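Colleague: Sharing a structure with you now.
Numbering (our numbering), first residue to last: 41 to 413.
Given below as structure tokens:
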């Protein structure tokens, strides 16, 4: 993503600013890290109703800078990166045709619970394909979400088959539609964000494991913070343009911070000994597969990039490891998702840290606040 001059508050659609959101530091950090490195694999956000999940995700999409797209392409194809181009654009580039370029805000696509597979993946017009000999494809939501954010509220109520489709596309970066021997594919690289209320049921462990990170959010208990949240919302509703203008410098600063982090990410390194200890933690926790190891490595590099560094520290790993592992632990079917205590305990032992759980949580929350400023 390239930095662009932000539109004036009055010219933009009215969205509550990301930097004005109070609390929910764990969720905000997970979202920012996935924007910096989409290969982390998305975020599953579980928490109480009315805790600002949807507001935060829309605020993130609005915060992101504009991207360059091929002007007449329905897949938001990148004008120069072949991995982010549709087949038709790639063919045009190969023929050295002139490619029209446009600037576009990062798209956030809401996936409705009642969506069909055709609506999500797109459809092929077989009759037109057979009669006219053309690949008549009607793009779906995955096409619209390419290079953007795909948000699924109440993902735990979505049909498992559709969740599988979403996770497969998010992991591979491509969506393939096949019907009657005709196959069409297009790029579908997006940040997948799912949210839900644990009281309404959990996702199957096989699907949970496919999400890179898992953030738990709870209703704010501290009265002073609750008052601050209510007053900020009232101020925003009363005069949105004025409220947006108030937070514009912070929004621009965080936007530039994200752009710099994306550019810096490729140069971030991690000491071999730290990588071994990460895998030791995963092994001690009996985490299936290697997805946990890979996500922790990526998330630790992303948080170092976010904070302007090119070398991962133990503290970086500490701040992301619970987000990356809490949903991968084996547990009793009647037990709710582990709060992170097991992860923190094993991390402390393997890395030689004896900090209490309370100290760890407090330090982590303070670190997140510094990251999003």
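Ideal placement from N, C-alpha and C gives every residue a C-beta, glycine not left out.
These numbers were taken from a predicted model, which means no experiment stands behind them.
Let me check understanding here. Comparing Cα to Cα, which of 217, 345, 82, 196 lies closest to residue 183?
Modeller: One-based indexing of the chain shown puts residue 183 at position 143. Minimum Cα distance to residue 183 is reached at 217.
Colleague: Mind checking whether the beta-carbon of residue 201 lies closer than 7 angstroms to any heavy atom of the ligand SAM?
Modeller: Among the components of this structure there are no ligands whatsoever, and the ligand SAM is therefore not found.
Colleague: Near residue 257, what residues of its chain come up, given a Cβ to Cβ distance below 6 angstroms and the 5 sequence neighbours on each side ignored?
Modeller: In the chain shown, residue 257 corresponds to position 217, counting from 1. Correct list, in chain order: 64, 67, 87, 91.
Colleague: Excluding sequence positions up to five away, which residues of its chain have a Cβ less than 6 angstroms from the Cβ of residue 260?
Modeller: Mapped onto the chain shown, residue 260 falls at position 220. The residues are 63, 266.
Colleague: For residue 149 and residue 188, which I take to be in contact (beta-carbon distance under 8 angstroms), what is that distance rounded to the nearest angstrom?
Modeller: Here residue 149 refers to the residue found at position 109 of the chain shown. Here residue 188 refers to the residue found at position 148 of the chain shown. About 6 angstroms; that satisfies the 8 angstroms criterion.
Colleague: Over the uninterrupted alpha helix (DSSP H) stretch that includes residue 201, give me the two end residues.
Modeller: For this step, residue 201 is matched to residue 161 along the chain shown. It spans 200 to 212 - the alpha helix (DSSP H) in which residue 201 sits, taken as one unbroken run.
Colleague: Less than 6 angstroms between C-beta atoms, sequence neighbours within five positions excluded: which residues of the same chain meet that for residue 179?
Modeller: Within the chain shown, numbered from 1, the residue matching residue 179 stands at position 139. Excluding sequence neighbours, residue 179 sits near 114, 162.
Colleague: Report all residues from its chain with a CB closer than 8 angstroms to the CB of residue 383; omit the five preceding and five following residues, and keep chain order.
Modeller: Residue numbering aside, residue 383 sits at position 343 when the chain shown is read from its first letter. Cβ neighbours of residue 383 beyond the five flanking positions: 321, 325, 361, 362, 365, 366, 369.
Colleague: Have a look at 185, 73, 58 and flag the residue whose alpha-carbon is nearest the alpha-carbon of residue 337.
Modeller: Position 297 of the chain shown, counted from the start, is the residue given in the question as residue 337. Of 185, 73, 58, the residue nearest in Cα terms is 73.
Colleague: From the DSSP output, in three-state form, read off residue 293 for me.
Modeller: Here the question's residue 293 lines up with position 253 in the chain shown. Note: residue 293 maps to helix in three-state DSSP.
Colleague: Express the C-alpha separation of residue 84 and residue 391 in angstroms, rounding to a whole number.
Modeller: The residue labelled residue 391 in the question sits at position 351 within the chain shown. The residue labelled residue 84 in the question sits at position 44 within the chain shown. Straight-line Cα distance between these residues: approximately 27 angstroms.
Colleague: Give the secondary structure of residue 397 by DSSP, where H, G and I count as helix, E and B as strand, and everything else as coil.
Modeller: Against the chain shown, residue 397 aligns to sequence position 357. Bear in mind that the predicted position of residue 397 carries a pLDDT of just 43, short of 50, making it too unreliable to give a figure here.
Colleague: Can you have a look at residue 291 and say buried or exposed, based on whether 16 or more other CB atoms are within 10 angstroms of its CB?
Modeller: Along the chain shown, read from residue 1 onward, the residue named residue 291 stands at position 251. Flag for residue 291 reads buried.
Colleague: For residue 276, which residues from the same chain have a beta carbon less than 7 angstroms from its beta carbon, with the 5 sequence-adjacent residues on both sides left out?
Modeller: Counting from 1 along the chain shown, the entry for residue 276 is found at position 236. Closer than 7 angstroms at the Cβ level, and outside the excluded window around residue 276, lie 56, 283.
Colleague: Excluding five sequence neighbours on each side, which residues of the same chain lie with their C-beta closer than 8 angstroms to the C-beta of residue 142?
Modeller: Within the chain shown, the letter at position 102 stands for residue 142. 108, 109, 110, 111.
Colleague: Specify, as a first and last residue, the run of the alpha helix (DSSP H) that residue 130 falls within.
Modeller: Within the chain shown, the letter at position 90 stands for residue 130. Unbroken alpha helix (DSSP H) run through residue 130: 127 to 134.
Colleague: Give me the DSSP bridge partner(s) of residue 179.
Modeller: In the chain shown, counting from the first residue as 1, residue 179 sits at position 139. Its beta-bridge partners are 162.
Colleague: Note the first and the last residue of the continuous beta strand (DSSP E) segment covering residue 275.
Modeller: By 1-based counting over the chain shown, the position of residue 275 is 235. Looking at the DSSP string, residue 275 is not in any beta strand (DSSP E); the run it does join, the alpha helix (DSSP H), is 263 to 278.
Colleague: Report the option in 229, 300, 140, 389 whose CA atom is closest to the CA atom of residue 205.
Modeller: Within the chain shown, residue 205 is the residue found at index 165, counting from 1. Considering only alpha carbons, the answer is 229.
Colleague: Any idea if residue 244 is buried or exposed, counting beta-carbon neighbours within 10 angstroms, 16 or more meaning buried?
Modeller: Start at 1 with the first residue of the chain shown, and residue 244 comes out as number 204. Its Cβ having fewer than 16 others within 10 Å, residue 244 is exposed.
Colleague: Please list the terminal residues of the continuous alpha helix (DSSP H) segment that includes residue 334.
Modeller: Within the chain shown, residue 334 is the residue found at index 294, counting from 1. Counting along the chain, the alpha helix (DSSP H) containing residue 334 begins and ends at 331 to 346.
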